[in-house]
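The sequence shown: position 41 = 510 (the numbering used here), numbered continuously.
For each residue, glycine too, the CB sits at the ideal point set by N, CA and C.
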Amino acid sequence: MENFVLGVAPFSCCNVKRMRPCITWFVEEPDSGYNYDPKTDLSLYEKGCGSGMTESICYWILMLAYVLLYSRIVQAVGIVLSRLVQTSLALAIDYADPTQSAAGYIIVFGMPPQPPSALADPAMIKKKKELLKDLAYSSGF
């Protein structure tokens with residue numbers, strides 16, 4: 470039997486399968502109810518309410534921690550993938566051809582990757598950049 474603070478247990482600890490009224494006050498005293506023996510007639514759960522509640526709360530806190538951990542991992546993967554897409558598009562636009570494939574990167578060490586058209590005429594690249602800028606501002610974005 471569990472130790473009760475001042476011999477009181479919450480009503481939620483009552484065992485509904487017992488065929489007698491649930492005694493929640495003065496649980497350990499034999500004269501708390503008619504023909505009541507706390508060693509044999511205890512109408513509370515055998516395991517005890519406190520330990521059951523502790524196990525349940527620990528289980529749900531652990532499940533919450535797992536969910537938060539997995540969501541953080543998914544967020545980190547999403548951030549890395551969006552960074553790769555962002556840098557790939559930025560490189561393609563910088564070289565005035567957003568339709569070409571360009572390498573994406575997370576962190577630049579040294580020079581950023583060069584797209585295949587990097588050897589093109591600089592005047593043509595400048596003209597394409599101006600055209601892209603005009604298209605971007607005229608489309609309402």
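Checklist line | For residue 527 and residue 486, the rounded distance between their alpha carbons | finding: Sequence index remark: in the sequence shown, residue 486 carries index 17 (1-based). Sequence index remark: in the sequence shown, residue 527 carries index 58 (1-based). Their Cα atoms are separated by approximately 26 Å.
Check: What is the rounded straight-line gap between the Cα of residue 470 and the Cα of residue 537?
Finding: Translated into positions along the sequence shown, residue 470 becomes position 1. Translated into positions along the sequence shown, residue 537 becomes position 68. Since pLDDT at residue 470 reaches only 47, below the 50 mark, its modelled position is unreliable, and the value read off the structure follows with that caveat. The straight-line gap from Cα to Cα measures roughly 37 Å.
Checklist line | Alpha-carbon spacing of residue 595 relative to residue 531, whole angstroms | finding: Residue mapping note: residue 595 aligns to position 126 of the sequence shown, counting from 1. Residue mapping note: residue 531 aligns to position 62 of the sequence shown, counting from 1. Going from the Cα of residue 595 to the Cα of residue 531 covers about 57 Å.
Notebook entry, point to check: DSSP three-state call for residue 513: helix, strand or coil?
Noted result: The residue given as residue 513 occupies position 44 in the sequence shown. Note: residue 513 maps to strand in three-state DSSP.
Item checked: Reduced DSSP secondary structure (H/G/I, E/B, other) of residue 483 -> The residue labelled residue 483 in the question sits at position 14 within the sequence shown. Strand at residue 483.
Item checked: Pairwise C-alpha distance: residue 590 and residue 569 -> As a working note, residue 569 is residue 100 in the sequence shown. As a working note, residue 590 is residue 121 in the sequence shown. Answer to the nearest angstrom: the Cα atoms are 16 Å apart.
Checklist line | Outcome for residue 534 when other beta-carbon atoms lying within 10 angstroms are tallied against a minimum of 16 | finding: Position 65 of the sequence shown, counted from the start, is the residue given in the question as residue 534. When all chains shown are included, residue 534 counts as exposed.
Next item on the list: Classify residue 488 as helix, strand or coil using the three-state DSSP reduction.
Entry: In the sequence shown, the residue the question calls residue 488 occupies position 19. Coil at residue 488, not helix or strand.
Next item on the list: Sort 481, 542, 557 by Cα distance to residue 522 and report the nearest one.
Entry: What you label residue 522 is simply residue 53 of the sequence shown in a count that begins at 1. For residue 522, the nearest C-alpha among the options comes from 481.
Note to self: Please state the DSSP three-state secondary structure of residue 478.
What the structure shows: As a first step, residue 478 is located in the sequence shown; it is residue number 9 there, counting from the start. In the structure shown, residue 478 sits in coil (DSSP, three-state: anything other than H, G, I, E or B).
Item checked: Residue burial classification, residue 566 (beta-carbon count within 10 angstroms, cutoff 16) -> In the sequence shown, counting from the first residue as 1, residue 566 sits at position 97. Buried: at least 16 other Cβ atoms inside 10 Å.
Check: Considering only residues of the same chain and omitting the five flanking positions on each side of residue 579, which have a CB-CB separation below 6 Å?
Finding: Here residue 579 refers to the residue found at position 110 when the sequence shown is read from its first residue. Cβ within range, chain order: n/a, list empty.
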